[in-house]
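Here the working numbering is used: the first residue of the sequence shown is 2, the next is one more, and so on.
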Amino acid sequence: QHQYQDAVFSTQAGVRLEDNRQFGSHTTGQLAGRMQVLAGTSVYVNVGSAFHAPDANELYSTYGGNPNLQPEESVSYEIGVNQNLLQGLDGNLAVYRTDLKNMINSDSSYNLVNIDKARLTGAEAGLKWKLPSGWFTGMNYAYVQPIAEGLNGMKDSELLRRPRQSVTASAGLQLPAYGFSAELTTKSKAKDYNSSYPVKGYAVGNLHGYWQALPNVRVVANV
């Protein structure tokens, strides 16, 4: 992995080799760059590839497992901007697209299969406010369109059981000696095989805390 940073430009590049006994060797990489265009404004670009081998549950579970699954492979592109709005208040905006090959998904019989080609196109917007006292709060909204690309003249279709919208709110305290925070992520409803009964939306809550017990020892707890 490589990193470079100065007052105007920063870059990061990385390469990863995974040798999977069942699915062979796969090389993935990432290239990112950021430019400080104004005192409070920076823009960035990310390009990266990924490889995900099916796990034992996806391959051999008695509930939808498929031993013939192939690994997922993807390439992602993202461009975004970070903006300082006021003292302590920062905003971010980003758009991205991920192209997937052999995406693992359930079919109408609830069995896992590979989707030849899929794409996720989305955007994110967020705000974070941090006070000199260490208190902070933030909110992030994301929208993604999950599409299975049609082959052999077939039309594109929306992937099922994948919420399009999510909202994350967080708040907490960050100090050198200790800190804690709470986070709530909500997901919108999603389409299912029966259009009359969509998958309901849901929420997930997280709690984090840390204590700097010694200069070189930090104790962390997550729920």
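For every residue, glycine included, the Cβ atom is placed at its ideal position computed from N, Cα and C.
Since residue i contacts residue j with CB under 8 Å, what's their CB separation in whole angstroms?
i: residue 61; j: residue 72; result: Rounded, the Cβ-Cβ distance is 16 Å, inconsistent with contact.
i: residue 130; j: residue 176; result: Actually they are not in contact, since the Cβ atoms of residue 130 and residue 176 sit about 17 Å apart, beyond 8 Å.
i: residue 115; j: residue 70; result: 6 Å
i: residue 65; j: residue 111; result: 5 Å
i: residue 30; j: residue 11; result: Actually they are not in contact, since the Cβ atoms of residue 30 and residue 11 sit about 18 Å apart, beyond 8 Å.
i: residue 167; j: residue 143; result: 5 Å
i: residue 184; j: residue 171; result: 4 Å
i: residue 147; j: residue 105; result: About 13 Å; that fails the 8 Å criterion.
i: residue 113; j: residue 59; result: 6 Å
i: residue 76; j: residue 37; result: That belief does not hold up - the Cβ atoms of residue 76 and residue 37 are roughly 27 Å apart, past 8 Å.
Can you list, in chain order, the residues of its chain with a C-beta nearer than 6 Å to that of residue i? Leave out the 5 residues immediately preceding and following it.
i: residue 164; result: 188, 189 and 191
i: residue 136; result: 174
i: residue 74; result: 52 and 102
i: residue 57; result: none
i: residue 209; result: 182 and 223
i: residue 119; result: 101, 104 and 149
i: residue 141; result: 127 and 169
i: residue 15; result: 2 and 31
i: residue 21; result: 54
i: residue 92; result: 84, 86 and 128
i: residue 180; result: 174 and 211
i: residue 47; result: 33 and 79
Rounded to whole angstroms, what's the CA-CA distance from residue i to residue j? Just pull it up for me.
i: residue 195; j: residue 80; result: 36 Å
i: residue 78; j: residue 27; result: 19 Å
i: residue 138; j: residue 43; result: 21 Å
i: residue 35; j: residue 99; result: 20 Å
i: residue 24; j: residue 41; result: 46 Å
i: residue 216; j: residue 203; result: 40 Å
i: residue 6; j: residue 205; result: 36 Å
i: residue 1; j: residue 117; result: Because residue 1 is not part of the residues shown, which for the chain are 2 to 224, the question remains open.
What are the residues that DSSP puts in a beta bridge with residue i?
i: residue 52; result: 74
i: residue 79; result: 47 and 97
i: residue 223; result: 209
i: residue 128; result: 92 and 140
i: residue 150; result: DSSP lists no partner for residue 150.
i: residue 12; result: 5 and 34
i: residue 26; result: 20
i: residue 63; result: DSSP, once it has assigned bridges, lists no residue as partnering residue 63.
i: residue 155; result: None, per the DSSP bridge assignment.
Using 7 Å as the cut-off, classify the Cβ of residue i as near or not near the heavy atoms of the ligand HEM, replying yes or no.
i: residue 87; result: As presented, the structure is devoid of all ligands, the ligand HEM included, so that no description of it is given.
Can you name, in chain order, every residue of its own chain whose Cβ lies under 8 Å from the Cβ of residue i, other than the five neighbours on each side?
i: residue 39; result: none
i: residue 219; result: 211, 212 and 213
Which same chain residues, not among the five before or five after residue i, have their C-beta less than 7 Å away from its C-beta?
i: residue 200; result: 162, 190, 191 and 193
Legend entry - Three or more C-beta pairs below 8 Å linking the stretch 125-138 and the stretch 153-162: No, because fewer than three Cβ pairs between the stretch 125-138 and the stretch 153-162 fall closer than 8 Å, the two stretches do not touch.
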